[in-house]
């Protein structure tokens, strides 16, 4: 018995359905390839519409017969299964399987199956578009349309090309850090974060250079005289070193710095430390030097009362011993301190 | 060799059998159909139902309709195996010499009604095992073949469990079908009462004899089963096993022990008869699905979870069938599961899943 004869009425419809399904499935790689082409063209800023459409059509044309041959080509058993779903209660599957059986039962079964098949109209076979096919088609079509639109807009100069967009995005995304390092020489330490890693152009956290006992803060290496510092808008890696120097033991501290920062009297300092041991380094006023009762910072200025007294005493002794007069420089120092006081 | 005449006769005799049985038994169409299918296919049937729903009457009617010798054994706790199979007794001949002579028991008949089979002790119940499977009886080392066709139609009451002995798995497996006999509907009840007011006598006539029955079985066996359908039937049986390669999710949850290979044999044999009864010469998926209930319901041992959730064997068979339909993508109709217990269990599962306590 000729199989084809049994399914004559339904074969053409099943073949048509197989081709349609093959085309639809073939469109999935076709659209995917078109999308890929559009993506490449978007980066090259070429007019990709025609090229992308050609790529889509070419891949679809290749994929369709492959799908048909490998997956959807009507096959006797597949067709029988398909037709049985129309209410034939596995008559056709049985018929196809036992088509070479010459027993009475097999013959009757074939006759019954053919009689039932006659009642089925080919139009009652609905094409089955699976959810998987719909999903694949939808996703690839959307991606394809999106990339094709971008390519066209890019080629027209309305939007930048893909390469530009990516470069900008990469630049924006890059976060450049700079390091801010505060170091000290002998005689002090940094209060606050000594090693900081901050975003380029942002502010560093404030720090204070604190002198240890017997030392005094002189300046930062970059010339800044205040012990506390808060660097703003840092644009490169920087290292700031705080410079300290020991306090002179003999009290003869009239060096170059004495014009604006007179030396502490070590003797007096010791006395002050003994009388206020708890305030040695924890006091907030200790920034830039050792904390002493007499050396308090008042309204941003250092009040060196004791130093002033010491200098006055030294001066008085010298004037009494030598009967000398004050030099212009000495007079200026005295006047400056008096002015502060 | 089956010919067209056999097929014609099969169809005619089926019609006559149902017509005659319905003269005695009102309603119970599915029960009657199941019992007739099992008898044609050569299987034993266990009828389960509360007292008074017509189990015994149905079996008696079957005996009359098939025009076969019929024995009734009322199973009680004191019934002994020898009371079923028969025993050797000492007889004296004319010369006064004594010798053993086998006295056949009631099992030596064509149709055996084992009434309230679960009331007998396991020892007596097991006396039926050999007869049910091999159609032979061995007494004192001598095997005797039972006359064909041979059927055991047993009944049991599911509610009165005191003083009963549940049938062991080995015996349950030898029943091709377990058929649940339900209470009749209102209309059927009215018809039953009207009929029995006139006469209680059974009026069914013989519709076919033993030879014809064997011929019908041979005809049904000639039906070809497509490989797809055969595979589906075997997958269904295998899906009842929680640890098989095609175990269903339902079986994993609710079944401790699945159906034996006998279930597969019974399913195909019965499906062939059912197909031919419906005028078809091939077995369909729907035949398999419909017969899955009487074939599988007594062949599964349920888990504690199923018992606790009050999910019946029928619910489980229905769920497994639906799962297999989904899995294989066949065109069979899905089974409607009406059990409240299943709905509650599904709702509970969803709730657990929702709160991540699964």
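Residue numbers (the working numbering), protein chains in the order written: chain G, 934 to 1274; chain W, 886 to 1243.
Here a beta-carbon is modelled for each residue, glycine too, at the ideal position from N, C-alpha and C.
Report yes or no: do three or more beta-carbon pairs, one from the region 1108 to 1119 of chain G and one from the region 1161 to 1178 of chain G, lie closer than 8 Å? yes
For residue 986/W and residue 1178/W, the rounded distance between their alpha carbons: 44 Å
Measuring CB atoms only, is the region 964 to 978 of chain W touching the region 1055 to 1072 of chain W, in the sense that at least three cross pairs come out at less than 8 Å? no
Closer than 7 Å at the beta carbon, the chain W residues around residue 1039/G: 1109
Beta-carbon separation of residue 1250/W and residue 1048/W under 9 Å? Since the first residue shown for chain W is 886 and the last is 1243, residue 1250/W is missing from the structure and cannot be characterised.
Could you give the residue range of the beta strand (DSSP E) that holds residue 971/W? 971 to 977
Please name the residues in the region 995 to 1006 of chain G whose beta-carbon is closer than 8 Å to at least one beta-carbon of chain W, in chain order. none
Could you tell me how far apart the beta carbons of residue 1139/W and residue 1220/W are, in whole angstroms, since I believe they sit closer than 8 Å? The Cβ separation is near 15 Å, so there is no contact.
When the Cα of residue 1062/W is compared with those of 927/W, 1211/W, 978/W and 899/W, which residue comes out closest? 927/W
From the DSSP output, read off the bridge partner residues of residue 929/W. 1060/W
Output, in chain order, the set of chain W residues within a Cβ distance shorter than 7 Å of residue 1027/G. 1109, 1111 and 1167
Please report the distance separating the alpha-carbon of residue 1116/W from that of residue 1022/W. 35 Å
Partner residues on chain W for residue 1036/G, Cβ-Cβ distance less than 9 Å: 886, 887, 1107 and 1109
Quick check: the region 1110 to 1126 of chain W against the region 1198 to 1213 of chain W, are at least 3 beta-carbon pairs closer than 8 Å? yes
Along the beta strand (DSSP E) that carries residue 1007/W, what are the first and last residues, could you check? Element bounds for residue 1007/W: not the beta strand (DSSP E) but the alpha helix (DSSP H), 1007 to 1010.
Check whether the region 1079 to 1088 of chain W and the region 1004 to 1014 of chain G are in contact - that is, three or more C-beta pairs closer than 8 Å. no
Which residues DSSP lists as bridging residue 1178/G, in chain order: 1149/G
Report yes or no: is there a C-beta of chain G within less than 9 Å of the C-beta of residue 1171/W? yes
What is the rounded straight-line gap between the Cα of residue 1074/G and the Cα of residue 1197/W? 50 Å
Can you give the Cα-Cα distance for residue 898/W and residue 1168/W, rounded to whole angstroms? 20 Å
Using a Cβ-Cβ distance cut-off of 9 Å, determine whether residue 902/W contacts chain G. no
Per the DSSP calculation, residue 1000/W is bridged to which residue(s)? 959/W
Cβ distance (whole Å) where residue 859/W is taken to contact residue 998/W below 8 Å: For residue 859/W there is no data in the structure shown, the boundaries of chain W being 886 and 1243.
Please check the pair residue 985/G and residue 970/G, which I expect to be a contact at CB under 8 Å, by giving their CB distance rounded to whole angstroms. 5 Å
Does the CB of residue 1224/W have a neighbour CB from chain G at under 9 Å? no
Does the region 1117 to 1137 of chain G touch the region 1090 to 1107 of chain G, meaning 3 or more C-beta pairs lie closer than 8 Å? no
Length-filtered (4 minimum) alpha helix (DSSP H) runs lying within the region 1124 to 1168 of chain W: 1134 to 1139 and 1146 to 1162
Where does residue 1097/G fall in DSSP's three states? helix
Run the CB neighbour count on residue 961/G, radius 10 Å, all protein chains shown included, and call it buried at 16 or more, exposed below. buried
Beta-carbon neighbours of residue 1180/W, restricted to chain G and to distances below 8 Å: Those within 8 Å of residue 1180/W in chain G number zero; the least Cβ separation is about 19 Å.
Using 8 Å as the Cβ pair cut-off and three pairs as the minimum, do the region 940 to 960 of chain G and the region 1062 to 1081 of chain G touch? yes
Between the C-alpha atoms of residue 1185/W and residue 959/W, what's the straight-line distance to the nearest angstrom? 27 Å
So residue 1104/W packs on residue 973/W, CB below 8 Å; how close in whole Å? In fact, because the Cβ distance is near 40 Å, the residues do not count as touching under 8 Å.
In whole angstroms, what is the alpha-carbon distance linking residue 1137/W and residue 971/W? 44 Å
Scan the region 1199 to 1223 of chain W for residues whose Cβ lies nearer than 8 Å to a Cβ of chain G and list them as they occur along the chain. 1216
Closest residue to residue 1056/W among 1020/W, 1097/W, 1013/W and 1090/W (Cα-Cα distance): 1013/W
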